[in-house]
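Have a look at the structure below, then the notes.
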Amino acid sequence: MPYVLQQKESGQIYTTTLVNHYGLAYYGVKFWHELEEANEHALAFLESQAVLDPNSWHVIELEENEMKLGNVKLKNSPQWRLFWSSLTRKAEAHKLEN
């Protein structure tokens with residue numbers, strides 16, 4: 001199962017430009033395969049991304065198909081933000097205003 005970063009207050013899932021196993025860049029959900037790996041690297045990753053308050057994020061577990069659906073909703077575009085509801089177990093994407 002993938003482990004992702006969620007902003008505690010807003011429910012936003014951390015998204016960024018990533019590289020797939022074919023070496024192609026895409027915009028999607030940052031994830032780790034193992035909980036231990038996510039817990040070990042999350043804070044340093046957020047700090048490396050210059051996130052203002054890295055402690056406002058926490059690691060959550062998604063099912064692989066839930067994360068993939070979230071990536072589809074992002075439309076490979078950094079203009080979109082992804083939010084996760086643990087109550088409904090659904091992702092919502094919101095486009096940034098220009």
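First residue of the sequence shown: 1, per the working numbering; consecutive thereafter.
Built from N, CA and C at the ideal position, the CB exists for glycine as well.
Source: prediction; values computed, not measured.
Remark: three or more beta-carbon pairs, one from each stretch, lie closer than 8 Å, so the segment 15-33 and the segment 69-79 are flagged as touching.
Residue environment analysis places TYR14 among the buried positions, since at least 16 neighbouring C-beta atoms fall within 10 angstroms of its C-beta. ALA93 has LEU82 as its beta-bridge partners, per DSSP. Counted as a single uninterrupted DSSP element, the stretch harbouring LEU18 is not any alpha helix (DSSP H) but the beta strand (DSSP E) occupying residues 15-19.
Put simply, of ASN76, LEU87, VAL51 the residue whose alpha carbon is nearest the alpha carbon of ASN20 is ASN76. Around the beta carbon of GLN6, 16 or more other beta carbons sit within 10 angstroms, so the residue counts as buried.
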